[in-house]
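Residue numbers (the working numbering): 7 to 352. Here is the structure we will look at.
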């Protein structure tokens, strides 16, 4: 029996322009070890358990584990889905876009090297296997998926890429449709160069928000939650070096004694801890070197108004307006670890 590609059963969602749009991140991905924090290839699995919450991440040796730089693609996808819903458009797990769109939105240059790195990131996202108990129903335990179910690129007669498409996993898609599980993040996040500081910003954004008292963590607890392969002592040293530089946009880091890291928001009109406004009603069908920069000028991989016209009208359909409705069965995970995570001053 021949199995049809999943995208043939989904209505395509064509990516929207994003000028001035705040990036959105999915809460479940912001504090747990879903991604490698190293720029080198990681093949050693992540095995994380805290109470009833489990996260297991497995990588293929050929590509390595998806990195926190690769996760920018998922942040871009979440931003697209929320922005489309805000404008009353149907969304889908099946996204069509140009390399130029995703590279620009995530703060990359748009040269040929970045295009190649984008494809490598998509390969890691597709080949990384995720098993988790987060947001599973009463009688279901582990959900297994890859960050991207499948992807392909569209080329013109000269072999130049004019568009790409991929299919998101249902677990991630439903986590974005539930607005209580989505947070806006500072666009300056994409300029953070270190894996630990990127992960630490996401932890700060999720827990500290703009609470005047901030949030405190034991270093050992942070080390476990990060999934880092570094020794605890080296991880703690990395945190102290990050605190000395203060690179996190909107947040200040301070050590209280040897073992407690305090994260507080910097005074000003920064993002709140609130989730993105209202629930989505427009339900639809359902690093290694990251995507680096090279200072290259705009390339042939950019596109504008007619960016995806190489797809036929029959393939594309009406722009994001038609899809099959599905019910959501989101189960939020709101547990916290009292012993290791504290609010308010020490």
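Glycine included, each C-beta is placed from N, C-alpha and C at the ideal position. As the structure is a prediction and not an experimental result, all values here were calculated from the model.
Beta-ladder partner(s) of residue i, from DSSP
i, result
"residue 257", "271"
"residue 19", "101"
"residue 181", "Its beta-bridge partners do not exist; DSSP assigns none."
"residue 262", "266"
"residue 60", "55"
"residue 172", "101 and 157"
"residue 139", "Looking at the DSSP assignment, residue 139 forms no beta bridge with any residue, so it has no partner."
"residue 42", "73"
"residue 149", "138"
"residue 30", "190"
Expected contact under 8 angstroms - CB spacing of residue i and residue j to nearest Å
i, j, result
"residue 189", "residue 30", "7 angstroms"
"residue 271", "residue 194", "Residue 271 to residue 194, Cβ: 14 angstroms. No contact."
"residue 155", "residue 173", "4 angstroms"
"residue 90", "residue 187", "At roughly 17 angstroms, the Cβ-Cβ gap does not stay under 8 angstroms, so residue 90 and residue 187 are not in contact."
"residue 160", "residue 168", "5 angstroms"
Inter-residue Cα distance where the pair is residue i and residue j
i, j, result
"residue 129", "residue 109", "16 angstroms"
"residue 354", "residue 157", "No answer is possible for residue 354: it lies beyond the span of the chain, which begins at 7 and ends at 352."
"residue 138", "residue 237", "25 angstroms"
"residue 79", "residue 222", "29 angstroms"
"residue 122", "residue 235", "27 angstroms"
"residue 92", "residue 104", "22 angstroms"
"residue 72", "residue 63", "9 angstroms"
"residue 65", "residue 77", "15 angstroms"
"residue 203", "residue 248", "7 angstroms"
"residue 59", "residue 140", "6 angstroms"
"residue 28", "residue 198", "16 angstroms"
"residue 55", "residue 205", "18 angstroms"
"residue 258", "residue 269", "6 angstroms"
"residue 126", "residue 152", "15 angstroms"
"residue 178", "residue 164", "35 angstroms"
"residue 35", "residue 212", "10 angstroms"
"residue 171", "residue 96", "17 angstroms"
Buried/exposed call for residue i, threshold 16 Cβ in 10 Å
i, result
"residue 16", "buried"
"residue 252", "exposed"
"residue 37", "buried"
"residue 210", "buried"
"residue 273", "exposed"
"residue 32", "buried"
"residue 49", "exposed"
"residue 294", "Any answer about residue 294 is weak, because its pLDDT of 34 lies below 50 and its placement is not dependable; what the coordinates show is given next. Buried, because 16 or more other Cβ atoms sit within 10 Å of the Cβ of residue 294."
"residue 275", "Interpretation of residue 275 is limited by its pLDDT of 48, a score under 50 that renders its predicted location unreliable; the figure taken from the coordinates is listed afterwards. Looking at its Cβ environment, which holds fewer than 16 other Cβ atoms inside 10 Å, residue 275 is exposed."
Q) Which parts of the stretch 190 to 240 are runs of the beta strand (DSSP E), unbroken and 3 residues or longer, counting only runs that do not cross its ends? A) Runs found: 221 to 224.
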